[in-house]
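Residue numbers (our numbering): 2 to 226. Backbone N, C-alpha and C fix where the C-beta goes; we use that ideal spot for every residue, glycine too. Single-structure report; data block below.
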Amino acid sequence: MAWREWIGTVEVEPSLYAADFARLGAQIDELLGAGCRVFHFDVGDGHFVEPITIGPVVLASIAPLVHQAGGVLDCHLMVDNPLRHFPQIARAGGDSATFHYEVVDDVAGTIAAAREHGLQVGVAFNPESEPVDVASAAADADLVLCMSIHPGYSGQKFMPDAVDRIRRLRAALPERVNVQVDGGIDHETIGAAHAAGANLLVAGSAIFGGEDLPDAYRSLVQAVT
Ligand code: DX5
Ligand code: ZN
């Protein structure tokens, strides 16, 4: 399925980084059964962020399961050198690649490089970066990701000032560019993030932290639709 078929709508994206990796396929199946078609996949290189997370090997093993069900894999590259990773992400079955504003000098050139690999493209930014600067550099992207935590780990608390950063980002971006939020999204925070203008809402521990994944996914969807 082309990303275009879902982009622009409101999506809750389970962050697979928070999954139980001994049961990864089964947990993806459960979420597919609940109607989920967009999965967030966090690649961390141990440099841009402290932990080494998951990468192309894991991506390649889950891509057939997700794609056969008509789903997509939205890859968040928390890495120093995104250009080096685009080919591997595309080959492993990633549908999009979101790189960090903080690590590139040429945002437009990096967006173009990702597109050459057939990827949809996102630009992410950390809490210290200025949303309006990011918006003007990333106007050609498919999505801009406003981090509502310092990237690296699941299970951190949502930073309340992210609401205002989302609002300023949304106002500064062309309408066709999607706004994504990532970090600490749960029942308490999803409404404010959505109301401020985020239409792609990533949730890790709020979905994988409990026993009933489909129920957790559905109730977050319900909160924003
Ligand atoms: C961490 C990742 C997030 C993380 C979100 O930096 O980018 O996607 O898995 O997890 P929660 O929703 O628990 O903050
Ligand atoms: Zn992420």
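- For Ser16, there is no enclosing beta strand (DSSP E), as DSSP gives it neither H nor E.
- Bounds of the beta strand (DSSP E) holding Thr99 are 97-101.
- If you look at His41, you'll find it in the beta strand (DSSP E) that goes 39-45.
- The stretch 92-111 makes no contact with the stretch 161-172; the number of CB pairs closer than 8 Å stays below 3.
- By the 16-neighbour rule on beta-carbons within 10 angstroms, His41 is buried.
- In the DSSP annotation of this structure, the continuous segment of the beta strand (DSSP E) that includes Gly123 starts and ends at 121-126.
- Check the Cα spacing between Ala173 and each of Gly153, Ala197, Ser137, His151: the tightest is with Ser137.
- If you draw a 10 Å sphere on the C-beta of Ala114, you find 16 or more other C-beta atoms in it, and that means buried.
- For the pair Thr54 and Gly45, the Cα-to-Cα distance works out to about 5 Å.
- In this structure, Asp183 has its CB closer than 7 Å to one or more heavy atoms of ligand 2.
- Annotated as proximal: Val222 and Val13, with beta-carbon spacing under 8 Å.
- In the structure shown, Ala93 adopts helical secondary structure according to DSSP, grouped into three states.
- In the same chain as Ala19, and ignoring 5 residues on each side of it, the C-beta atoms closer than 8 Å to its own belong to Ser155, Gly156, Gly205, Ser206, Ile208, Phe209, Gly210, in chain order.
- Counting other Cβ atoms within 10 Å of its Cβ, Gly26 stays below 16 and is therefore classed as exposed.
- Spatial neighbours of Gly192 in its own chain (CB-CB distance under 8 Å, excluding positions within 5 residues in sequence) are listed in chain order as Ala224, Val225.
- One Cα belongs to Tyr102, the other to Ile186, and the distance between them is close to 21 Å.
- For Gln181, there is no enclosing alpha helix (DSSP H); the residue is found in the beta strand (DSSP E) stretching over 179-183.
- In this structure, the C-beta of Ile186 approaches ligand 1 to less than 7 Å from one of its heavy atoms.
- Thr111 and Ala23 have their C-alpha atoms spaced approximately 35 Å apart.
- Secondary structure note for His77: its beta strand (DSSP E) is the uninterrupted segment 73-79.
- When C-alpha distances from Gln121 are compared across Asp134, Pro128, Phe100, the shortest belongs to Phe100.
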